[in-house]
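Reading through the structure tokens given below for one structure.
In structure tokens form, the structure reads like this:
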């Protein structure tokens, strides 16, 4: 039974790690980061919902006229 040749494993693993490092560096370098990020105000403007704009009345079944 032949023995497993492990002489190229070191080169393969090192080249894979270096390649992954370069790929991740290239991906990260394409992002644009703000130098002075400003915090957003906590109080946001309340937008009225469409159902809040008009007056609606809810009738309960007992208050409807008898038919």
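In my numbering, the protein residues as written are 4 to 70. A virtual CB, placed ideally from N, CA and C, is assigned to each residue, including glycine. Keep in mind that this is a model prediction, so the values were computed, not measured.
#1: Kindly indicate which three-state DSSP category residue 38 falls into: helix, strand or coil?
#2: Note down the Cα distance separating residue 43 from residue 24, rounded to an integer number of angstroms.
#3: Whole angstroms is fine: what's the gap from residue 34's alpha carbon to residue 26's?
#4: If I measure Cβ to Cβ from residue 15 and keep anything under 6 Å in the same chain, skipping five residues before and after, which residues do I get?
#5: Can you give the Cα-Cα distance for residue 18 and residue 6, rounded to whole angstroms?
Here's the rundown:
#1: coil
#2: 34 Å
#3: In a straight line, the C-alpha of residue 34 is about 13 Å away from that of residue 26.
#4: none
#5: Cα-Cα distance, rounded: 24 Å.
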